[in-house]
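Enquirer:
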């Protein structure tokens, strides 16, 4: 399930929505995001939804928040097998991204974070996270929810689901 961020505000109390948001489950989500899209993106096998954004005009024109986007983290069960084989998988990941996202409408980023941390009274721990970001290359330029944004989300969801199946095969060593 999605974690707390600027788009999906999780709370144990009643979620307060900003004017551009609405309620969905226990979240405040951008008003024009379709429930079916949210269901699909919250039910992936390997990817956990972190953020989804329809793009906003109330930010600088250079801000990434101007662009429709979906951001995920690799689910915990898949992180270790994935990080162990990271250097062996980079070529396959690049090839799959090229295969799935042939058009020029989406930017795909993968970020692997590894940390050794110690906070206050905690033991030193190892933390790993793999983030997948999918951004429309086109910026939102009007208040209206234009057809191109809906089309981008429909295409992105289909492609992300395909990429999720690939990640599952990779994690099982089946590629």
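In our numbering, the protein residues as written are 1 to 175.
Virtual Cβ for every residue (Gly too), placed ideally from N, Cα, C.
For the alpha helix (DSSP H) that residue 93 lies in, which residues bound it at each end?
Expert: For this step, residue 93 is matched to residue 93 along the chain shown. Residues 86-100.
Enquirer: I want to know whether the stretch 39-48 touches the stretch 83-91 - three or more CB-CB distances under 8 Å.
Expert: no
Enquirer: Hey, quick one: how far does the beta strand (DSSP E) through residue 47 stretch, first residue to last?
Expert: For the purposes of this step, residue 47 is taken as the residue at position 47 of the chain shown. Looking at the DSSP string, the run of the beta strand (DSSP E) that includes residue 47 is 47-53.
Enquirer: Hey, out of 140, 135, 121 and 147, whose CA is closest to residue 72's CA?
Expert: In the chain shown, the residue the question calls residue 72 occupies position 72. Closest by alpha carbon: 135.
Enquirer: Closer than 7 Å by C-beta to residue 127: which residues in its own chain qualify, once you throw out the five before and the five after it? Chain order, please.
Expert: Working through the chain shown from its first residue, we reach residue 127 at position 127. Correct list, in chain order: 115 and 117.
Enquirer: What does the Cβ neighbour count give for residue 1, buried or exposed, with the cut at 16 atoms within 10 Å?
Expert: If you number the chain shown from 1, residue 1 lands on position 1. Any reading at residue 1 needs caution, since the residue's pLDDT is 46, under 50, leaving its predicted position unreliable; the model's value is listed next. Exposed, since its Cβ has fewer than 16 Cβ neighbours within 10 Å.
Enquirer: Tell me which residues share the same chain as residue 56 and place their Cβ nearer than 6 Å to its Cβ, disregarding the 5 neighbours each side in the sequence.
Expert: For this step, residue 56 is matched to residue 56 along the chain shown. For residue 56, same chain residues with a beta-carbon under 6 Å away, outside a window of 5 residues either side, are 65 in chain order.
Enquirer: If I measure Cβ to Cβ from residue 129 and keep anything under 8 Å in the same chain, skipping five residues before and after, which residues do I get?
Expert: Start at 1 with the first residue of the chain shown, and residue 129 comes out as number 129. 73, 74, 79, 112 and 113, listed in sequence order.
Enquirer: How would you call residue 53, buried or exposed, if buried means at least 16 neighbouring beta carbons within 10 angstroms?
Expert: For the purposes of this step, residue 53 is taken as residue 53 along the chain shown, with counting starting at 1. Per the 10 Å Cβ criterion, buried.
Enquirer: Helix, strand or coil for residue 74? Go by DSSP, reduced to three states.
Expert: Start at 1 with the first residue of the chain shown, and residue 74 comes out as number 74. If DSSP states are grouped into helix, strand and coil, residue 74 belongs with the strands.
Enquirer: In three-state terms, what does DSSP make of residue 105?
Expert: For the purposes of this step, residue 105 is identified with residue 105 of the chain shown, where counting begins at 1. In this structure, residue 105 counts as coil in the three-state DSSP scheme.
Enquirer: Taking DSSP as the reference, what is the three-state secondary structure of residue 129?
Expert: Within the chain shown, residue 129 is the residue found at index 129, counting from 1. It is a strand residue.
Enquirer: Are the beta-carbon atoms belonging to residue 38 and residue 50 less than 8 Å from one another?
Expert: Working through the chain shown from its first residue, we reach residue 38 at position 38. Working through the chain shown from its first residue, we reach residue 50 at position 50. Not a contact, by the Cβ cut-off of 8 Å.
Enquirer: Using DSSP with H/G/I as helix, E/B as strand and the rest coil, what is residue 56?
Expert: As a first step, residue 56 is located in the chain shown; it is residue number 56 there, counting from the start. Correct three-state label for residue 56: coil.
Enquirer: Going by DSSP in three states, residue 23 sits in which element: helix, strand or coil?
Expert: Within the chain shown, residue 23 is the residue found at index 23, counting from 1. Reduced to three states, the DSSP call for residue 23 is strand.
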